[in-house]
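S.K.: For reference, each letter of the sequence shown is one residue, going -16 to -1, 1 to 356 in mature numbering (1 follows the signal peptide of the UniProt record, and there is no 0).
Yeah, the Cβ is synthetic: ideal placement off N, Cα and C, and Gly gets one too.
Because the structure is a prediction, the values reported are computed rather than measured.
Okay, handing you the structure first.
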Amino acid sequence: MLLYILYLQILFRCSSRNSCKVKKYENQSLVLNVCNQEEDVVVSQVQEMPRRVRHATDEEKLACSEIMSQKAKEEAGVEVEEEEDSVCAKGPAKGPTKGLAITDNVKSQAMLDGPQARMTHNMKEKDICISSEELSITPRPKLIGCKGHDDKGSPSSMDTISLNEMDKAAVLTLIREEIITKEIEANEWKRKYEDSHMEVLEMRKIVVEYEKTVAQMIEDEQHKRSVLGSQKSVQQVTLERDQALADLNSVERSLSDLFRRYENMKTILEGFKKNEEVLKKCAQEYLVRIRQEEQRYHTLKIHAEEKLVKANEDIAQVRSKADSESVALHASLRKEQMKVDSLERALHHKNQEIEELTKICDELIAKLGTSD
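Set out below in structure tokens:
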């Protein structure tokens, strides 16, 4: 649709060289009626699908408000140029025809898709409304010197007005037909909903009756069981009476045994009490003895600690004395080592002197031997 409008505008700019000024609101009523009809369709559809069509209704109202504001500006004195040639004047009329074709396509698609496509249908109708408004605003170029028309262009303008009125009538009839089909579809869906609702109510009634019947059958079955059970209960009571008598005899026997065991346990408990008193006395004696041993342990611990302190002091003194003695012994040892070293050096010096003297003696003896 936008490409088609741009194409018309380009054609107008190429053909508009000589033009005259005319008022713009010739086709405005068509656009406003289309928008109003579309708004009515949206309102009728909102009653069926309030959540799906709400957004489309707001946008369509916004588009129609923009159209109303543009109409006010046009009535204030905005003028456009119009084509004078009758052949060229048929160009803008293609806009409504295109809009009608699109409306028919949208209508057929909406009828095929059903109520789920109503939002898309409303959006397409809003686009048709806006495109029709743009086409109505689109200036119409006028050519001077076309055959069969004067400069004022009265015959072509009359033909254009008649064509526009025919287009308006065609568009209005198509919109009315679409509104009627939509209302018929809405009534059909409403009838289907009421039928389904009635079917649900009938099914609920049937289910309630079925539940009542089942409850009655259960109650009857329980009553039969209670009657049969009462007969069995008499026999059961007699058996229970005999069993109770036998149980009573056994209980009497068990009570006599229990009394005898009670007497035995009583004597045993008296012996336990005596033993408990003896054990308590022994425990008290042991506690006293433990306290005495604890006091003795504390005294021995104090005495041992004193002995340990004294022993530690003696050990410290012995260690200090031994350290001093070891230091003195190390010093004397060092002194003796120095003496040994000096004596060894003296001995070595004496040995060297002895060796030299022996060499001298040997030389003298050798000389004396050679002289003889």
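Taking buried to mean at least 16 other C-beta atoms within 10 Å of its own C-beta, is E172 buried or exposed?
M.R.: Counting Cβ neighbours within 10 Å, E172 comes out exposed, since fewer than 16 surround it.
S.K.: Could you check the C-alpha separation between K176 and E183 for me, to the nearest Å?
M.R.: Cα to Cα, the separation comes out at about 10 Å.
S.K.: Using only the alpha-carbon positions, how far apart do V198 and H207 sit?
M.R.: Straight-line Cα distance between these residues: approximately 14 Å.
S.K.: From S240 to L229, what distance separates their C-alpha atoms?
M.R.: Their Cα atoms are separated by approximately 17 Å.
S.K.: Say yes only if the C-beta of K208 is nearer than 7 Å to one or more non-hydrogen atoms of the ligand HEM, and no if none qualify.
M.R.: Because no ligand of any kind appears in the structure shown, any question about the ligand HEM cannot be addressed here.
S.K.: Output the distance between the C-alpha atoms of E162 and E186, rounded to the nearest integer angstrom.
M.R.: Cα to Cα, E162 sits roughly 36 Å from E186.
S.K.: Please classify D307 as buried or exposed, where buried requires at least 16 other C-beta atoms within 10 Å of its C-beta.
M.R.: D307 comes out exposed.
S.K.: Nearest-angstrom Cα distance between V293 and V262?
M.R.: So the alpha carbons of these two residues sit roughly 46 Å apart.
S.K.: What is the rounded straight-line gap between the Cα of K258 and the Cα of K265?
M.R.: Their backbone Cα atoms lie some 11 Å apart in a straight line.
S.K.: What number of angstroms, rounded off, separates the C-alpha of L158 from the C-alpha of E178?
M.R.: Taking the straight line joining both Cα atoms gives about 30 Å.
S.K.: Applying the criterion that 16 or more other CB atoms from any shown protein chain within 10 Å of the CB defines a buried residue, is D226 buried or exposed?
M.R.: Flag for D226 reads exposed.
S.K.: Near L232, which residues of its chain fall below 6 Å by C-beta distance, leaving aside the five closest residues on each side in sequence?
M.R.: Nothing meets the Cβ criterion.
S.K.: Alpha carbon to alpha carbon, how far is S234 from E254? Give it in angstroms, no decimals.
M.R.: Approximately 30 Å, taken between the alpha carbons.
S.K.: Tell me whether K166 is buried or exposed, calling it buried when 16 or more other Cβ atoms sit within 10 Å of its Cβ.
M.R.: That one is buried.
S.K.: Can you tell me the Cα-Cα spacing of S316 and T342, whole angstroms?
M.R.: The straight-line gap from Cα to Cα measures roughly 39 Å.
S.K.: In angstroms with no decimal places, state the Cα-to-Cα distance between I344 and I338.
M.R.: Distance between the alpha carbons of I344 and I338: 10 Å.
S.K.: Compute the Euclidean distance between the alpha carbons of L271 and A300, then round it to the nearest angstrom.
M.R.: Distance between the alpha carbons of L271 and A300: 43 Å.
S.K.: If we count the other Cβ atoms within 10 Å of its Cβ and call it buried at 16 or more, is D204 buried or exposed?
M.R.: By the neighbour-count rule (16 or more Cβ atoms within 10 Å), D204 is not buried but exposed.
S.K.: Suppose you measure from the CA of A288 to the CA of N248; what does that come to, to the nearest Å?
M.R.: If I take the Cα positions, the gap works out to 58 Å.
S.K.: Taking all protein chains shown into account, do 16 or more other C-beta atoms lie within 10 angstroms of the C-beta of V155, making it buried, or fewer, making it exposed?
M.R.: Under this definition V155 is a buried residue.
S.K.: Can you tell me whether residue 369 is buried or exposed, with buried defined as 16 or more other CB within 10 angstroms of its CB?
M.R.: This structure leaves residue 369 out entirely; the chain is present only between -16 and 356.
S.K.: Count the other CB atoms within 10 Å of the CB of D151; is the residue buried (16 or more) or exposed (fewer)?
M.R.: D151 should be labelled buried.
S.K.: Look at the alpha carbon of G213 and the alpha carbon of K174, and state the distance between them as a whole number of angstroms.
M.R.: Each residue's alpha carbon lies about 58 Å from the other.
S.K.: Out of curiosity, what's the CA-to-CA distance linking L313 and Q336?
M.R.: Going from the Cα of L313 to the Cα of Q336 covers about 34 Å.
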